[in-house]
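So the structure is just underneath, and the comments pick up after that.
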Amino acid sequence: METSLLLFLLLAPFAGFLFNVFFGKKVSRNVSGTIGTIAVAISFGIALNFFFQINSTKKPILIELFHWMTLGNFNVGFSFLLDQLSILWLLFVTGIGTLIHIYSISYMHDDENLHKFFAYLNLFIFFMITLVTGSNLLIMFIGWEGVGLCSYLLIGFWYKNQEYNDAAKKAFIMNRIGDLGFLIGIFTLGYLFSSVDFTTIKTAVASGQTVDLGWLGFGTFCLFIGASGKSAQIPLYTWLPDAMAGPTPVSALIHAATMVTAGIFMITRLNFLFDLTPNIQMIIAVIGAITSLVAAFIALVQNDIKKVLAYSTVSQLGLMFLALGLGAYEIAVFHVITHAFFKACLFLGSGSVIHAMHGEQDMRKMGGLRKYMKVTYITFLIATLAISGIPIFAGFFSKDEILMVAFHENKALWVIASLASIMTAFYMFRLLYLTFFKEFRGTDEQRHHLHESPSLITFPLIVLAILSTVGGFISFPGHSWLNEYLKPIFIRAREEHHVDTTTFMLMGVAVVGALIGIGIAYSNYIKKSQVPGADNEITGFSKVLYNKFYVDEIYMAVIVRPIYAIASFSKNFIETALSGFIFGLGKVTNMVGTQGRVLQNGSVGFYLFVFVIGTASIIAYLFLAQ
Amino acid sequence: MLTTVFYILSAITLASAFLTIFTKNPIHSAIYLVICFFSIAGHYLLFNAQFLAVVHIIVYSGAIMILLLFTIMLMNLNKEDEKHKSGLTILAAVASFCLVAYVLLAAFIKSMPILEKGDYYVSGEDYQSIKVLGQVLLDEKNGFMIPFEFASVLLLVSMIGAVLLSKKEEKISL
Amino acid sequence: MYTLIAIAVLGVLCLLAEIFNVRKAIVPVTIIGLLAILGLTATGLNDSADSYNNMIVSDNFSTPFSCLFILLTVFLIALTPSFHQKEVHKISDFVSIKLFLLTGAVAMVAFGNLAMFFLGIEILSISLYVLAASNRLSLKSNEAGMKYFLMGAFASGFILFGIALIYGAIGSFDMAVIQEAGTSADVEDWFYIGAILLSIGMLFKIAAAPFHFWAPDVYEGSPALTTALMSTLAKVVAMAAFFKLVSAMNVNLPDSSQTALMVISILSMTIGNIMALKQNNVKRMLAFSGISHAGFMLMTLLAVSTSAGILLYYASAYALAGIAAFSVLLYVTKDKDNEDIFNFNGLGKTNPLLAAILTGALLSMAGIPIFSGFFAKVFLFGQMLNAGHIILVIVAVVNSIISVGYYFKLILAMYTKEATEAAKPVPFVYTAVATVAIVLNIAIGLYPSFLLDLLV
Amino acid sequence: MDVSFLLIILLVGAIATFLSGDKWASKIALLFSLAAFGVSVYLLNLYNAGQNINLIKQWVTIPKIYIALGADGLTMAMVLLTTALTPLIIFSSFGNSYAKSKNFYALILFMVFAMVGTFLSADGFLYYIFWELSLIPIYFIALIWGNGNPQSRKKAVVKFFIYTFAGSLFMLVSFIYLYQITGSFLLSDLIRAQLSTQEQFWIFLGFFLAYAIKIPLIPFHTWQAKVYQKAPAVGTMLLSGIMLKMALYSIIRWQLPLAPLAAKEYLYYFVGLSVAGVIYGSIVALKQKDIKKLLAYSSLAHVGLIAAGCYTMTLDGLRGATLQMIAHGFGVVGLFFAAEIISRRYTTGKISEMGGIRIQSPKFTSMFMILVLASVALPGTFNFVGEFELLYSLAQKSVTICIIGGTTIILGAFYMLRMFQKVMLGEKNEKFFADVNFNEGLVMVIIIGVLLFFGLYPKPIIDLITPSLEEAIKVINRI
Amino acid sequence: MQSVLQEIGINNYIYLSTILFCIGIFGVLFRRNAIIMFMSIEIMLNAVNLLLVVFSTYHQDAAGQVFVFFSMAVAAAEVAVGLAILVGIYRNIHSIDIDKLKNLKG
């Protein structure tokens, strides 16, 4: 029963994928989209079912399908694990997935490759489910790479544009760098524990099996590299903003809500290992904090609506990593969930805007849209409040908990995180003001076409806005349902910080900080009616920020160009030299042959001369030399 | 006495051999060569190998040299028409002559046992009269009968060869 | 002994046939006769009667080699009438000379006395001088004959000098005596010098470096059929005779002679192969290839006591491949005044069978399995490794690699270039001889034991 | 029935094809290759049932040479790979018309015959013969039916031939040397030779030259790209799909068991060299302008990893190598076939002249995409299973080497996706590109099916090869 | 007669014939006139014949002298064939200078 349910859960999106690949073109557009949506909805239903089951039984479900690979002295099964963590993830992956599918039916309606879009989305959901439910690192890796593949396919969905293809390729390759780390991590764990199975490793750790902590540290560090690739942390984050080349639903689903959280999922999965290696945790925390700050800085001056959201995603992911690094896995998970709600809502909202603007993404050409798009505006406002950390809204609770933990563990990190939060509030409201307030700055033609999006688009927005509002209550300070729910995942119980004055003080500080950010944005963009200038007018530090600290350029100069240079050098010189050397051997022999022909000069006298000399030398050697 | 004769004969042999080579005119060369052959026959006589000496003179001086002379005459080669040889050729020839002579002689001197007069083996039997030679040459069981007959094949081949090489082409050729 | 007589009689018969004007019967009768003699020789395989003052010994060594020589002669004689189509009146001469040459060849492996050896080698040489110069209207042929004659006679002088010294040391021309005297310690030192001079003469005959200079010129100038004879039969004969001589004298030779032999072997292989690379004339190329193969075969002399079978195998493989290659060459260069490679252009299209045969022959020479040339090389290398001559084997391997270069030049010409002229009709015998030779070559490749076990 | 039956079928097939005439040659060749596949499947059943399918017969008395053909799991896997790929390769050529096709197809079958013989041989001498024998057909296939300028083709092919021939001669010397010690060429006898490490080193080196050139490993690879480019598609597939597996298989079957001490002593050098090839191949592939050359260099990178796995001499390494051989065999044949499909339509190999194919032929694009993904070892494809085990085995020996070797998954993705992007994506090409026809599609689908199926369920192969590999490890570790 | 050898010493004879042999070699190398070269080769052969006779005496054995007969037969046969070839060449190029025979080379 469980097995077949799991198979349904897994294969429903895959069936949707197959249907859309093979028949998508033949059926009408709506059918194609509907089938894709239903496939995901089925999964969502099953996930819900599992959720209720596990809520009552509290027992993880392990399903082994077949024996897959054999490594050294252990086997790797094709098996799946449904426990609290994976079901939680399943829920919001398939849930948000369903909403975004619905949204896409309308959003992508005019695209000639609609059926492919749904096929890829379904495939993505399939791989995401694999990633989340895999019972060992290898199955997880299948999903891990699979979602990477789908991300590649969807970023490059409009494949006629080679720039989009470049972005897709970049995303895939950057992910692959992380994946190598992941692989090495798997190797290390396999070597240390003779298993890559989560349950087995967990049991081993729980039973106090002695492991070489040095190697374990190496392994967890490698895993973290893997996570940072997928979850866009420094130094592997640059692909995420570029990934905005894909259709907006993709950005919402993959690059905000689900795939990018895979790294957090993985680290949470292996929390018991990371707990053993505090050094690595420290690194994770620091990287997370810095990432959140750097991304927030960059987001301050971006003008592309999706780019701002992308950097905001990076920044929020950084916060999650900060939490992970501080050992507060459940808080990270909490933030993942709330972030999934409001960020999906934001992206979909921006998609709605872009839809209305006919593909225009530059905020400088927007403005005053709230008059034209009421629903979009309201939902967007709610999500923005959520992300800025205004109380009641979901983001407030999760972000606040992160800041709190940081405050307790490391003040410096707390400062950084708080700074990032303030900036978040600023740039999100900057985005909001520039887009929805003041007068419309686009062309008349665009103004003429401005309209509220159809209900298929607004419905998901509304649902997500609601979730962004109430989502925070799953982990209300002091009475956290989530923490209780996730307990079985961890080995070490984290000491709970009781709700005390410090807590309230910190909450107050956070809220004040957010309000300060909003206030600055208000004064700049409402009071002073500023509009960011054209690209060439930007100077000073803003220019550095606007150009994203030139990180892409630096990578290009430090890594990509040298590789190309080495490649050219190898191709033009080493290859030629090697080939020339081998060829040269032949050539030299040939040359000797040519020269040797001179000796064969046809003169009997010379021939006999050599004959005699030869004779004389032989006799001399044999009889006189000794 | 014998020694003197030996040295005189040897001197004639070597001198005439050299002259054969150095004389420009082929006819003169041939004549020097005949002298050389005669002196070698003299050596044979010294060894009391009269039959061999006679055969030698008949074959070499009589047959081979006549053949050579005949050819020279036939081709009207009795001019000194050989081109001036290059210095390199001369040098090479001289060098190789010296080298090979030195090497061979040195090898012989090095390896040669010093034989006193008494060291020579003397059987006292007759071993080189016509009678004995005939027996050795033509005896089937203990002699060189087979090679003797085989030599006939050799001569036959050279005969056919000579004929083949000078046979007129029939009309159909070319 | 009977083999020798029978062949000589056959030769005389040929001459008589011309007189009685039964020219057409000469070749068939000769071939049948030779095949009969082959049977006779082969059946008396292990008869080691040595009568006639031990002049001729038929033993394990001489009989298989004699058979090989007879077989090769059959091929060569079969090719004669087609080759000398325009000189029919000379056919009896050509055939009988080849037969007499065969007597010389047989004498050279079956000799029990240096007199027989000397006469044998002279018969062989003189026949070859004649055959080389036999196209008397062609200056090239004349030149080849002249060069060969001058140098050959020169080398004969050395051989004779060597024989004289050996005689001086031992007091007999009998091989048995020589071998026996050789094993006793007190032999006059000039025996060695004689043996070396004799060896030098033989090295000249097998065209080993640095005594090889005559070979390319003579091969190129001679009529193609004669070249075939020289590069297959004559080379193999000289090699076998040399082997026999060395195995008789081996015990006596100073150790350093092994080194000298190695150097000569390496020189021959290398010079032969490197020089062959840049040749345009196929006959000349095969001459150099022959030099390198002489170098390979010389290696057997480094382990005389065990490698007679390998020499036989190598010689058979090489000679059969040579016959096959030359049959094709005869066809291709028919009515041409040169044998340059471009004549082979497009043979793969105009005459696939012959092209395939030539390819096979060349692959055999290059030492690529399943052709027997490969097995020959392997057995040879094995023998050498066994004797501890690793360096020699390495050099030989490198040389095998070089040799592929020029063998493939010809193959490339056949298969990648366009033919310059339309296909000519192929005389039946060419195809037949080439096919039989290559089939035999492959056959001994598939059943190497057949030959290898003969001499053990 | 023993394994010789398979050889006989192939040989008879070659002869029958040769005699059949140009019109029917391709069909007859296909028929016989299918028959050979059937026979090898049947043999697999026999083998699994524990029956003796080996053959041993004395051939040459002195020196002692046997006709010894034997199969264990590893061999069966390779034989199956060969006989399964052959019909595909032959079938894939139906879209081209070759002059003198009877010779062409006869040569293909003959080459397969020799390659199967190489896999099956248990006698060193026989093995060498088959090894060399397989070289001749490919030489002619590439020479006569190849593409491009005949002059440069000739140069490349001759270089290839001489080069590989040169390498294998050194292997021959090693064999002969071993024979002098043991007095037999049988593998089972040869491994009993008592050798010092020094001796083993030279023997190892002799084998290494042969294999390194054939596989090829850097710096012995210079023949590869040109030959892959110039050979007809079928030749390239045979070369890359099967022939180089022959050398990799030989490492496991011959080289390591015969010279284990040397292999252990110099393990890091050889693993290092192989892994260096991974990086080098990937990097040079980045700059290739010709699609076939790019694939050649990618192949260089992949086989470098496989060789590295072999040289680690761990069970994982050998198993990963074997799995990856099979995966790479199918994958590379598929990729070269894709390249061939493109060049059938565009008559060019230059990447710069392609692009925009996706718009015109979505089916082909999807298939090509899957092959590209398999080539970059995406999990779920067969290649991943192999590559994972290989990297795992490297990690056991040295994490550094593993990381270096692991960059293949980054660089591989880099050049493959770059190529895919330039060839398939972008604006529509002016030149017309017909989508795959049924024949082409069938071949692609079969290959993709194999890659995906075994990617998820490699167990049958793992079960087949693991006992043999364990045996091999035991032999390697005997001293 | 044994006494001759005893008197003069076999060494001297060997030296003599060696020198004569070398003169023959020298002649072949020195001259380019084919006929003279023939003659030089005859000198070489004669040197060997002399040596054979010396050894024959030394061993008191007739075989050496018998061998000389064969040697003479060979010499005669060689000269016959050689001259036939020479005549052929002379017919073609009207010269017997072997340096003019350099068509075959390389």
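Quick note, the sequences are listed as chains A, B, C, D and E, same order. Just add 35 to wherever you are in the first sequence, counting from 1, and you've got the numbering used here. Quick note: the second sequence, position 66, residue 65 per the numbering used here, numbers continuous. Just add 2 to wherever you are in the third sequence, counting from 1, and you've got the numbering used here. Just add 65 to wherever you are in the fourth sequence, counting from 1, and you've got the numbering used here. Quick note: the fifth sequence, position 25, residue 18 per the numbering used here, numbers continuous. Note that beta-carbon positions come from the ideal geometry of N, C-alpha and C, so glycine has one too.
Q. What are the residues of the stretch 617 to 646 of chain A that lie near chain E, defined by any Cβ-Cβ distance shorter than 7 angstroms?
A. Residues are counted here when their Cβ sits less than 7 angstroms from a Cβ of chain E; for the stretch 617 to 646 of chain A these are 632, 635, 636, 637, 638, 639, 640, 643, 644, given in chain order.
Q | Assigned exposure category for residue 97(B) - 16 Cβ within 10 Å defines buried | A | exposed
(Q) Using C-beta distances below 7 angstroms, list every residue in its chain close to residue 33(B), excluding the 5 sequence neighbours before and after it, in chain order. (A) 60, 64
(Q) Short of 7 angstroms in beta carbon distance, which residues of its chain neighbour residue 226(D), apart from the five on each side in sequence? Order them along the chain. (A) Excluding the 5 residues flanking it on each side, residue 226(D) has same chain C-beta neighbours closer than 7 angstroms at 200, 204, in chain order.
Q: Can you say whether residue 331(D) is buried or exposed, counting buried as having 16 or more other CB atoms within 10 angstroms of its CB?
A: buried
Q: With a 10 Å radius around its C-beta and 16 neighbouring C-beta atoms as the bar for buried, classify residue 87(B) as buried or exposed.
A: In this structure residue 87(B) is exposed. Its beta-carbon is surrounded by fewer than 16 other beta-carbon atoms within 10 angstroms.
Q | Which listed residue (411(D), 461(D), 359(D)) has its alpha carbon closest to that of residue 8(D) | A | Outside the displayed span of chain D (66 to 544) sits residue 8(D), for which this structure offers no information.
Q. Going by other Cβ atoms of all chains shown within 10 Å of its Cβ, with 16 needed for buried, is residue 37(A) buried or exposed?
A. exposed
Q. Where residue 170(B) and residue 33(C) are concerned, what is the direct C-alpha to C-alpha distance, given to the nearest angstrom?
A. Low local confidence applies: a pLDDT of 49 at residue 170(B) is under 50, so the model's placement there is unreliable, and no value is given.
(Q) With distance defined between alpha-carbon atoms, name the residue in 126(D), 96(D), 92(D), 159(D) nearest to residue 506(D). (A) The residue with the shortest Cα to Cα distance from residue 506(D) is 159(D).
Q) Do we get a CB-CB distance below 8 angstroms when we pair residue 141(B) with the residues of chain C? A) Among the residues facing chain C, residue 141(B) is included, as its CB has a counterpart in that chain under 8 angstroms away.
Q.
DSSP three-state label for residue 133(D), please.
A. Looking at residue 133(D) - three-state DSSP - the assignment turns out to be strand.
Q: Run through the stretch 622 to 656 of chain A for me and flag every whole beta strand (DSSP E) of 3 or more residues, listed as ranges in chain order.
A: none
Q | residue 300(C) and residue 343(C) closer than 8 angstroms at C-beta | A | no
Q | Assigned secondary structure, residue 393(D) (DSSP; H/G/I helix, E/B strand, else coil) | A | Looking at residue 393(D) - three-state DSSP - the assignment turns out to be helix.
Q) Three-state secondary structure (DSSP) at residue 449(A)? A) helix
Q. So what does DSSP say about residue 444(D), is it helix, strand or coil?
A. strand
Q. Which residue's Cα is closest to the Cα of residue 69(C): 410(C), 108(C), 445(C)?
A. 108(C) is the residue among 410(C), 108(C), 445(C) whose C-alpha sits nearest the C-alpha of residue 69(C).
Q. How would you label residue 263(D), buried or exposed, when you count the other beta carbons within 10 angstroms and need 16 or more for buried?
A. exposed
(Q) Please classify residue 610(A) as buried or exposed, where buried requires at least 16 neighbouring CB atoms within 10 angstroms. (A) buried
(Q) Measuring straight from C-alpha to C-alpha, what distance separates residue 147(C) and residue 413(D)? (A) So the alpha carbons of these two residues sit roughly 57 angstroms apart.
Q: Could you check which residue in 451(C), 456(C), 238(C) has the C-alpha nearest to that of residue 127(D)?
A: 451(C)
Q: Return the residues of the stretch 128 to 146 of chain C that lie within a Cβ-Cβ distance of less than 7 angstroms from chain E, sorted by chain order.
A: Within the stretch 128 to 146 of chain C, the qualifying residues are 128, 131, 132, 135, 138, 141, 142, 144, 145, 146.
Q: Spell out a yes or no on whether the stretch 424 to 443 of chain C and the stretch 318 to 330 of chain C are touching, meaning 3 or more CB-CB pairs, one atom from each, closer than 8 angstroms.
A: Cβ pair count under 8 angstroms is three or more, so yes.
Q. If we ignore side chains and look at the alpha-carbon of each, how far apart do residue 495(A) and residue 134(A) end up?
A. 5 angstroms
Q: Take residue 107(D) and list the residues in its own chain whose beta-carbon comes closer than 8 angstroms to its own, dropping the five residues that flank it on each side.
A: 66
**Q.** Beta carbon of residue 304(C) nearer than 8 angstroms to that of residue 378(C)
**A.** For residue 304(C) and residue 378(C), no; Cβs fall outside 8 angstroms.
Q) What residues from chain C crowd round residue 244(D), counting only those whose CB sits closer than 7 angstroms? A) Within 7 angstroms Cβ-Cβ: 384.
Q) Whose C-beta lies closer than 6 angstroms to the C-beta of residue 405(C) among residues of the same chain, with five residues either side of it excluded? A) 275, 368
Q. Taking Cβ to Cβ, would you say residue 390(A) is nearer than 8 angstroms to residue 484(A)?
A. no
Q. Going by the beta-carbon positions, is the gap between residue 56(E) and residue 135(B) smaller than 8 angstroms?
A. yes
Q. Are the C-beta atoms of residue 152(C) and some chain E residue less than 8 angstroms apart?
A. For residue 152(C), the answer is yes, since a Cβ of chain E falls inside 8 angstroms of its Cβ.
Q: Ignore the nearest five residues each way along the sequence and tell me which others in residue 397(C)'s own chain have a CB closer than 6 angstroms to its CB.
A: 268
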